[in-house]
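In our numbering, the protein residues as written are 321 to 884.
Written out as structure tokens, the structure reads:
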């Protein structure tokens with residue numbers, strides 16, 4: 321896989337495309353004034369019903385304004401700022417802030433040698449507008465040196481957006497655009513705000529520096545906006561929406577984590593270290609947990625991402641390792657490790673992923689010290705927390721049985737894969753398959769396996785209908801781009817949009833679980849078989865030498881997990 325690298329608007333709309341808070345209130349107003357609140361029509365209750373805040377109407381968590389920002393550096397809290405707009409008004413971030421906003425600032429740089437967001441095609445602008453999350457404040461600036469040149473460029477851009485809105489003929493969308501799309505006329509290095517320093521430090525002719533402010537009010541890079549499907553020659557505006565979607569995903573994820581009463585065990589914190597001894601709670605406490613998650617971050621070594629991050633999409637693993645027994649000098653048991661979680665590094669961008677690793681509670685139920693290792697070739701710094709919680713499932717894993725690994729995906733893949741006979745341990749209430757399976761290799765056969773083909777994995781218990789894991793996203797043009805809301809890092813410096821067979825660049829690998837309890841005799845022997853397939857049949861690749869790539873391979877670890 322090859323790696324690389326928005327005339328004036330009609331007066332009614334122009335008067336609206338200025339600035340303003342979506343619900344007309346100042347940022348600290350979470351309810352409407354008392355005289356605007358409807359009273360409950362009840363003789364028994366004189367209570368009034370508060371008007372929902374704008375964030376509440378959108379189903380979004382509101383966070384308070386954070387005044388602690390000072391410098392406006394990447395990954396720090398954004399200080400307040402204000403910008404003069406095309407219509408002569410001033411837009412101030414803290415006044416527009418609703419509690420659930422993000423900001424994306426796009427600089428029109430038409431002379432840039434690399435692809436930049438192109439608002440020239442009405443269809444592309446319509447796509448961008450339609451897909452934009454409604455909690456984004458869009459700021460547009462121009463890189464032109466002269467003030468009149470900037471005004472002319474932004475006026476042209478404003479007209480293009482107005483044309484798209486007119487063609488969409490959506491009154492609600494047009495009303496939203498009036499409050500959320502703004503055109504600032506200052507030079508990027510002469511705003512008299514912290515933005516000047518950001519552009520001075522990081523902006524140059526080879527780096528497309530746009531930036532965002534996320535739901536946590538942190539300053540963020542936007543990444544590389546070119547579309548690999550078009551050969552990197554275009555940068556559709558809708559790629560900007562991916563960043564906004566990612567910000568919402570991160571906010572939702574944090575809401576979920578904050579709501580959990582989890583015991584968090586730090587393993588690594590912004591470090592180059594890859595092995596650590598972690599002390600788990602004692603056995604009595606461990607039996608109270610029914611869920612374990614790995615919270616992994618791959619962190620770049622400074623900014624911009626294009627130079628501070630690893631270049632390629634590499635496999636990365638989190639392992640649970642045995643404790644070394646000092647009595648055995650001829651072997652280091654800490655090197656005997658089991659994969660708990662799998663991740664794929666992003667093309668030159670950081671990422672954070674929370675993946676389920678619950679079955680491994682079975683290996684940790686005694687508590688005490690355990691070694692955890694991370695294997696990654698593409699993350700300068702990492703952070704990892706183990707999260708233990710009880711989510712009221714009614715069962716917990718007590719033992720695991722390893723099944724099959726992967727191998728070269730070819731006519732011999734299923735050779736030697738004998739069925740497994742097993743009897744569940746006494747007291748077992750639930751049995752599930754648990755797999756980590758990803759396909760790799762491309763360019764060597766006509767189906768482009770196994771990175772870009774739908775390889776299938778069929779498990780059959782006691783001749784019952786098979787449990788099938790497959791990857792229908794594989795081989796699609798935008799399969800991974802469509803997974804941004806699930807955690808795929810957007811706008812990477814490589815072919816990140818393409819759908820893969822079980823994974824995406826810049827994302828944690830989702831384990832696959834299938835409950836087989838109903839197919840089993842919990843008190844006697846059972847058999848389980850496994851086949852790797854393509855289109856329902858054993859795979860016989862047809863050679864195709866594309867001049868690049870490598871042979872099809874399945875990277876797999878599979879287990880039976882017993883629960884009580």
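Think of the CB as a built atom: it goes at the ideal place given N, C-alpha and C, for glycine as much as any other residue.
Owing to the predicted nature of the structure, the values given are computational and were not obtained by experimental measurement.
- In this structure, residue 733 sits near residue 852, with a CB-CB distance shorter than 8 angstroms.
- For residue 794 against residue 820, the beta-carbon gap comes to about 6 angstroms, under 8 angstroms, which counts as contact.
- Bridge pairing for residue 846: 742 [DSSP].
- Take the alpha-carbon of residue 697 and the one of residue 491: they are about 50 angstroms apart.
- Within the DSSP bridge table, the entry for residue 722 names 879 as partners.
- Around residue 869, the same chain offers 761, 762, 763, 764 as residues with beta carbons nearer than 7 angstroms, after the five sequence neighbours per side are excluded.
- Shortest Cα-Cα distance from residue 621 to any of 842, 608, 394, 872 involves 394.
- Of the candidates 854, 385, 766, 766 places its Cα closest to the Cα of residue 867.
- Contact between the region 444-459 and the region 560-575 is present, with at least three C-beta pairs closer than 8 angstroms.
- A straight-line Cα-Cα distance of about 31 angstroms links residue 543 and residue 692.
- The region 648-733 is shown to contain whole alpha helix (DSSP H) runs of 4 or more residues at 681-684, in chain order.
- By the beta-carbon neighbour count (other beta carbons within 10 angstroms, threshold 16), residue 776 is buried.
- For residue 612, the uninterrupted beta strand (DSSP E) run begins and ends at 611-619, by DSSP.
- Taken through DSSP and simplified to helix, strand or coil, residue 401 comes out as coil.
- For residue 424, the uninterrupted beta strand (DSSP E) segment begins and ends at 422-428.
- Around residue 680, the same chain offers 612, 640, 660 as residues with beta carbons nearer than 7 angstroms, after the five sequence neighbours per side are excluded.
- Residue environment analysis places residue 446 among the buried positions, since at least 16 neighbouring C-beta atoms fall within 10 angstroms of its C-beta.
- If the five residues before and after residue 797 are omitted, its C-beta is found closer than 8 angstroms to the C-beta atoms of 549, 817, 818, 819, all from its own chain and listed in chain order.
- Between residue 880 and residue 684, the C-beta gap is not smaller than 8 angstroms, which leaves the two residues out of contact.
- Under the DSSP definition of a beta bridge, residue 461 partners with 427.
- Taking C-beta atoms under 8 angstroms as the contact rule, residue 426 and residue 460 qualify, at a distance of about 5 angstroms.
- The three-state reading of DSSP puts residue 765 in strand, counting E and B together.
- Between the C-alpha atoms of residue 519 and residue 464 there is a straight-line separation of about 14 angstroms.
- Minimum Cα-Cα distance from residue 481 among the listed residues 517, 778, 442, 495 corresponds to 442.
- Apart from the 5 residues on each side of it in sequence, residue 834 sits with its Cβ closer than 6 angstroms to the Cβ of 753, 787 in its chain, given in chain order.
- Counting only runs of at least 3 residues, the region 760-835 fully encloses the following beta strand (DSSP E) elements, listed from N- to C-terminal order: 775-781, 787-789, 832-835.
- With the rule of 3 Cβ pairs closer than 8 angstroms, the region 735-745 counts as touching the region 838-849.
- Counting of Cβ neighbours within 10 angstroms places residue 859 among the buried residues, the total reaching 16 or more.
- According to DSSP, residue 591 shares a beta bridge with 702.
- Listed as beta-bridge partners of residue 641 by DSSP are 657, 691.
- A Cβ-Cβ separation of about 19 angstroms leaves residue 474 out of contact with residue 545 under the 8 angstroms criterion.
- If the five residues before and after residue 522 are omitted, its C-beta is found closer than 7 angstroms to the C-beta atoms of 529, 623, 624, all from its own chain and listed in chain order.
- Inter-residue distance for residue 516 and residue 508 is about 6 angstroms (C-alpha atoms, whole angstroms).
- Boundaries of the alpha helix (DSSP H) around residue 559: 558-579.
- In the DSSP annotation of this structure, the continuous segment of the alpha helix (DSSP H) that includes residue 445 starts and ends at 442-451.
- Distance check between residue 582 and each of 606, 591, 590 places 606 closest, using alpha-carbon atoms only.
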